[in-house]
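Each protein sequence line maps, in turn, to chains A and B.
So the first sequence is residues 156 to 303, counted in our numbering.
So the second sequence is residues 9 to 756, counted in our numbering.
For each residue, glycine too, the CB sits at the ideal point set by N, CA and C.
Being a predicted model, the structure only gives us computed values, none of them experimental.
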Amino acid sequence: MIRININGRDYDVAAEPDTPLLWVLRDTLGLTGTKYGCGIAQCGACTVLVDGEATRSCQLALENVGSAHIRTIEAIEQDEVGRKLVEAWVEVQVPQCGYCQSGQIMAAAALLSQNPHPTDADIADAMTNLCRCGTYNRIAAAIHHAAA
Amino acid sequence: MNMLLRPSPSQSALPLKSEGITNLSRRRFLGAGAGALVLGALLPALPHRALAQATANTVKPGTRIPAFLIVGRDNSFKLLSPFVEGGQGVSTGQAQMVGEELDVEPSRFVVECAPPGPDYAVIGGLRLTGGSFSTRSSYEVMRRLGATAREMFLRAAAARLDVPASELTTENGVVIHAASGRHVPYGEVAEAALALTPAENVPLRDPKTFRYIRQPLPRLDARDKSTGKAVYAIDQKLDGMLYAAVQHAPHLGTEPVSFANEAAVRAMPGVHGVHRLPGAVAVTADSWFRARKAVETLDVTWTRPEATGLKTVAADYSSEAMLAALKESKAAAVSAEKAGDAAAVFAAATRIVEAEYAAPYLAHAQLEPPSAMARFNPDGTLELWTPNQMPELFQSIAAKTAGLSPEKVILHSPILGGFFGRHFFYGAASPFPQAILLAKETGRPVKVLWSREEEFRMDALRPLSFTRFRAALGADGRPAALEARTVGEGPTGRYFGALFGGPVDGSAVEGLVEKPYAIADRSLDYVKLLHPVTIAFWRSVGHSMNDYFYEGFFDEVADAGGHDPFQLRLDLLKDRRRHLKLLQTVADLSGGWKRGPFDAEGGRRARGVAMASPFGSETATIAEVSLADGQVRVHDIWIAFDPGSIVNPGIIRSQVESAAALGVSTALFEEMVYADGVRQASNFDGYTILGRDHMPRIHVEIVESGEPMGGVGEPGLPGVVAAVVNAVAALTGRHIRTLPLSRTKFNA
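Written out as structure tokens, the structure is:
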């Protein structure tokens with residue numbers, strides 16, 4: 156058993172230590188808001204917050220989570236930044252297929268927590284997740300909207 | 009690889025006609041025969057006469073209200089949509105169309121993809137989500153459905169209140185008797201209302217009074233998709249379910265022979281079983297990660313592919329060799345379009361421009377990897393959850409795979425994490441037959457999920473394509489005659505060939521034919537040459553490459569004749585008001601046409617223009633590019649988009665933006681290369697798609713010409729590719745005849 160803290164709650168997980176956090180979240184804990192896209196940290200669909208840092212959970216082994224506080228999209232509306240982001244995403248009508256948007260919002264939450272008023276360049280640096288529907292411009296607009 | 013059922017000509021007399029559809033290039037696709045495909049899939053066991061009778065006597069698609077509308081006693085509204093939502097916003101549009109006439113605010117609807125059934129075959133007797141058909145094909149049908157249902161609620165409320173229906177009005181799901189101040193929510197009389205016989209010819213609202221249609225209403229799914237609550241196929245789970253991971257044959261068409269380490273793999277943690285499948289092996293386990301680890305540990309010996317040749321994916325198959333075969337083909341062509349006497353013009357011409365254009369195989373690369381979940385129920389039914397764009401066909405194939413009759417297959421069609429044409433049935437490119445076979449073998453519910461690597465290995469591809477052009481220039485430097493010879497294969501021919509088996513594959517030539525330009529003498533020829541690989545519909549299909557070919561060549565002709573490409577388009581479209589208006593609109597949107605090169609921040613830039621007429625809509629596009637480190641950068645895309653008439657301008661804008669992004673992605677980066685019989689990219693590190701760092705600004709203006717409603721999801725794409733390439737030509741003097749542009753090194 157390995158104990159991890161997800162969205163403020165402790166879980167004892169019976170899985171191999173090398174199991175990526177992504178699959179613990181999705182298949183063991185049923186937190187399916189975090190998505191599998193590529194498994195090699197290219198696309199960012201699996202982005203979660205690890206002690207506030209945007210992290211690709213497909214590349215974080217269960218054994219390396221330790222005592223970190225993990226936050227997933229399921230807890231996005233539990234703070235002000237997250238609530239603002241969700242409202243902005245809806246206001247700007249960002250999602251199309253929506254599959255990448257959990258990861259996008261988590262990356263945006265990390266950005267705004269560290270930099271409440273990011274420039275376009277800051278957004279470009281921080282927001283590297285892929286979106287096959289090409290919603291990048293609306294994502295940037297929504298981040299500005301949430302930061303306003 | 010063809011679809012399973014080949015209706016004979018005698019099946020073609022269906023009493024269904026397509027409503028509100030105008031699409032010249034796909035007219036045949038929507039012909040009466042189309043219905044036979046789905047009905048044939050639904051009722052494969054019936055002889056032809058019985059089939060025709062069943063069609064005539066049972067259901068007229070889009071008319072049985074209870075098949076579409078579920079109204080709760082609490083006045084909740086659920087709409088069962090003929091279409092699957094995959095990002096294109098179709099669910100919201102359906103709610104707008106029904107809600108407008110039913111008099112219920114669209115935001116109150118929960119919209120789900122309907123189960124298989126003849127009620128939903130609203131595209132000229134066919135049901136599919138694709139071809140940018142959904143909204144335009146169902147516009148009249150869904151409005152009429154809403155209006156007919158509203159009239160039933162009025163009648164039921166009249167009976168309840170014991171007043172004449174003529175004294176009643178409605179407001180947002182409530183019947184109102186103003187004289188007595190009494191109100192009856194629809195939900196309170198829903199049971200009685202939906203049991204009534206629908207009235208014929210209920211009048212539709214005057215479009216001048218629309219409150220929801222033509223408004224940029226927010227998407228119904230935006231909040232769920234912004235909070236992780238939206239449920240995709242990959243997110244679903246059943247009690248007692250096994251997870252399955254697969255390893256496909258490295259060469260398409262080969263089979264597993266033996267395993268070197270089966271005992272060791274079976275002993276891995278959580279492993280339930282090791283399985284052989286057609287063209288693949290699978291491991292079932294108690295978690296997907298364990299199944300995947302095990303299946304990738306499995307040491308499989310496969311049968312050997314053919315050594316060479318293009319009939320199969322041979323050991324030496326390569327995209328390069330395939331392209332060479334397309335180029336070298338000397339086969340006799342069939343005519344896809346002919347006007348005037350091009351041969352005579354060429355014979356007398358003093359100046360001839362020639363060029364060969366090619367475009368690569370493309371993957372869909374939708375972000376949600378395919379999955380399928382199958383369960384055999386105690387009552388003898390098979391329940392299946394899987395991404396699909398054609399429920400009745402998937403149901404039929406699932407039934408065949410399971411050895412059941414189609415009505416024993418309960419198919420669920422979850423929202424799609426992107427599709428772009430990915431989820432039609434392409435044989436081995438779909439995971440659901442594997443889920444069925446594994447559920448049967450294990451006696452347990454099974455969920456198959458393909459890793460991204462397996463998806464890149466098995467995805468059906470936009471076909472690699474080739475066209476050779478010639479233009480004869482007149483004394484005025486304008487094109488007097490144009491010839492094109494395109495060689496290859498399109499998905500319509502492969503998957504619908506039995507139905508639309510004419511000599512010309514529309515999906516191979518669309519974008520080359522039916523152009524609006526006044527070129528009197530022209531000849532467009534098609535040579536069919538089959539690909540051994542699995543090919544696919546891919547966002548904007550034949551237009552995705554052919555409009556690039558044609559419009560790229562157009563600029564070569566303009567340059568050769570000493571004409572500005574924008575002006576030459578104006579000249580050759582002088583009798584086409586709709587196209588002229590679009591050209592003018594896109595020029596204005598971009599601040600006035602200027603080709604450049606011109607100086608701008610960060611270096612020289614130039615612009616290119618392109619037109620396209622995909623899926624019943626019209627587009628004019630301008631792109632602005634520069635070079636950085638020898639590679640193309642796209643800064644701005646301006647698109648004037650005319651879909652004739654509209655339902656949701658907000659969603660249209662989003663779709664055009666999205667199509668433009670995909671167009672830029674394919675212009676700059678994308679190609680799936682075969683070498684030694686295998687695909688060279690297995691994940692996003694090898695198959696580059698557009699990221700934020702290359703995303704241009706996109707400016708969209710919607711023009712409503714009032715022409716019949718065209719498609720929205722796909723048409724924004726083709727013009728973008730050509731406009732980018734034409735901008736590069738303006739900047740560098742080089743007309744790039746093969747994509748992606750990242751293959752070409754430019755001198756800054």
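Give a single yes or no on whether residue i has its beta carbon closer than 8 Å to a heavy atom of the ligand ZN.
i, result
"residue 279 of chain B", "Because no ligand of any kind appears in the structure shown, any question about the ligand ZN cannot be addressed here."
What first and last residue would you give for the alpha helix (DSSP H) that runs through residue i?
i, result
"residue 260 of chain A", "256-269"
"residue 550 of chain B", "Element bounds for residue 550 of chain B: n/a, residue is neither H nor E."
"residue 401 of chain B", "399-410"
"residue 160 of chain B", "142-169"
"residue 246 of chain A", "235-246"
"residue 316 of chain B", "Element bounds for residue 316 of chain B: n/a, residue is neither H nor E."
"residue 757 of chain B", "Because chain B in this structure spans residues 9 to 756, residue 757 of chain B falls outside the shown range and cannot be described."
Given this structure, state the Cα-to-Cα distance separating residue i from residue j, to the nearest angstrom.
i, j, result
"residue 271 of chain A", "residue 238 of chain A", "14 Å"
"residue 723 of chain B", "residue 627 of chain B", "7 Å"
"residue 404 of chain B", "residue 499 of chain B", "20 Å"
"residue 143 of chain B", "residue 174 of chain A", "44 Å"
"residue 247 of chain A", "residue 293 of chain A", "7 Å"
"residue 734 of chain B", "residue 553 of chain B", "14 Å"
"residue 490 of chain B", "residue 352 of chain B", "11 Å"
"residue 393 of chain B", "residue 409 of chain B", "15 Å"
"residue 219 of chain A", "residue 225 of chain A", "12 Å"
"residue 345 of chain B", "residue 480 of chain B", "17 Å"
"residue 46 of chain B", "residue 538 of chain B", "Caution applies to residue 46 of chain B, whose pLDDT of 33 falls short of 50 and renders its modelled position unreliable; the model cannot decide the point."
"residue 167 of chain A", "residue 182 of chain A", "14 Å"
"residue 329 of chain B", "residue 629 of chain B", "34 Å"
"residue 86 of chain B", "residue 76 of chain B", "8 Å"
"residue 732 of chain B", "residue 636 of chain B", "15 Å"
"residue 62 of chain B", "residue 337 of chain B", "Any answer about residue 62 of chain B is weak, because its pLDDT of 47 lies below 50 and its placement is not dependable; what the coordinates show is given next. The alpha-carbon atoms of residue 62 of chain B and residue 337 of chain B are separated by roughly 46 Å."
"residue 196 of chain B", "residue 74 of chain B", "16 Å"
"residue 233 of chain B", "residue 332 of chain B", "45 Å"
"residue 694 of chain B", "residue 154 of chain B", "48 Å"
"residue 215 of chain B", "residue 109 of chain B", "10 Å"
"residue 525 of chain B", "residue 641 of chain B", "30 Å"
"residue 287 of chain A", "residue 295 of chain A", "16 Å"
"residue 281 of chain B", "residue 422 of chain B", "28 Å"
"residue 477 of chain B", "residue 754 of chain B", "24 Å"
"residue 402 of chain B", "residue 215 of chain A", "37 Å"
"residue 169 of chain A", "residue 156 of chain A", "5 Å"
"residue 50 of chain B", "residue 505 of chain B", "Bear in mind that the predicted position of residue 50 of chain B carries a pLDDT of just 33, short of 50, making it unreliable; the figure below should be weighed with that in mind. Their Cα atoms are separated by approximately 19 Å."
"residue 413 of chain B", "residue 389 of chain B", "9 Å"
"residue 258 of chain A", "residue 535 of chain B", "45 Å"
"residue 475 of chain B", "residue 727 of chain B", "17 Å"
I'd like the span of the beta strand (DSSP E) that includes residue i, first residue to last.
i, result
"residue 611 of chain B", "611-620"
"residue 494 of chain B", "487-496"
"residue 310 of chain B", "308-310"
"residue 647 of chain B", "639-650"
"residue 183 of chain B", "182-185"
"residue 165 of chain A", "164-168"
- chain A contacts from the stretch 236-260 of chain B (Cβ-Cβ distance under 9 Å): 236, 237, 238, 239, 240, 242, 243, 244, 245 and 251
- Do three or more CB pairs link the stretch 205-216 of chain A to the stretch 255-273 of chain A at distances below 8 Å? yes
- Item | Length at least 3, wholly inside the stretch 241-291 of chain B: the beta strand (DSSP E) runs in chain order | 250-256, 264-267 and 279-285
- Task: May I ask you to list, following chain order, the residues of the stretch 189-200 of chain A that have a beta carbon less than 9 Å from some beta carbon of chain B?
- Result: 189, 190, 191, 192, 193, 194, 195, 197, 198 and 200
- Quick one: which residues of the stretch 242-266 of chain A get their C-beta closer than 8 Å to a C-beta of chain B? List them in chain order. 244, 245, 248, 249, 250, 251, 252, 253, 254, 255, 256, 257 and 260
- Item | beta strand (DSSP E) runs contained entirely in the stretch 186-214 of chain A, provided each spans 3 or more residues | Entirely contained in the stretch 186-214 of chain A, the beta strand (DSSP E) runs reaching 3 residues are, in chain order, 202-205 and 208-211.
- Query: Residue ranges of each beta strand (DSSP E) run of no fewer than 3 residues wholly in the stretch 419-466 of chain B, ordered along the chain?
  - Reply: 454-457
- Positions along the stretch 271-290 of chain A whose CB lies within less than 9 Å of some CB in chain B: 278, 279, 282, 283, 284, 285, 286, 287, 288, 289 and 290
- Taking 8 Å as the threshold, find out whether the stretch 283-292 of chain B comes into contact with the stretch 442-452 of chain B through three or more Cβ pairs. yes
- Contact set between the stretch 358-389 of chain B and chain A, restricted to residues whose Cβ is under 9 Å from the partner: Cβ contacts with chain A: 372, 373, 374, 375, 376 and 377.
- Task: Entirely within the stretch 560-603 of chain B and at least 4 residues each: give me those alpha helix (DSSP H) ranges in chain order.
- Result: 573-580 and 585-597
- Message: Taking contact to mean 3 or more Cβ pairs, one atom from each stretch, closer than 8 Å, check whether the stretch 369-386 of chain B and the stretch 686-697 of chain B are in contact.
- Response: yes
- Query: What are the complete beta strand (DSSP E) segments, minimum 3 residues, inside the stretch 57-114 of chain B?
  - Reply: You should have 77-79 and 85-89.
- Between the stretch 453-466 of chain B and chain A, which residues of the former have a C-beta closer than 7 Å to a C-beta of the latter? 459 and 460
- Item | Length-filtered (3 minimum) beta strand (DSSP E) runs lying within the stretch 336-398 of chain B | 342-347, 359-367, 379-384 and 390-393
- Task: Would you be able to state if there are at least three C-beta pairs under 8 Å between the stretch 661-669 of chain B and the stretch 289-306 of chain B?
- Result: no
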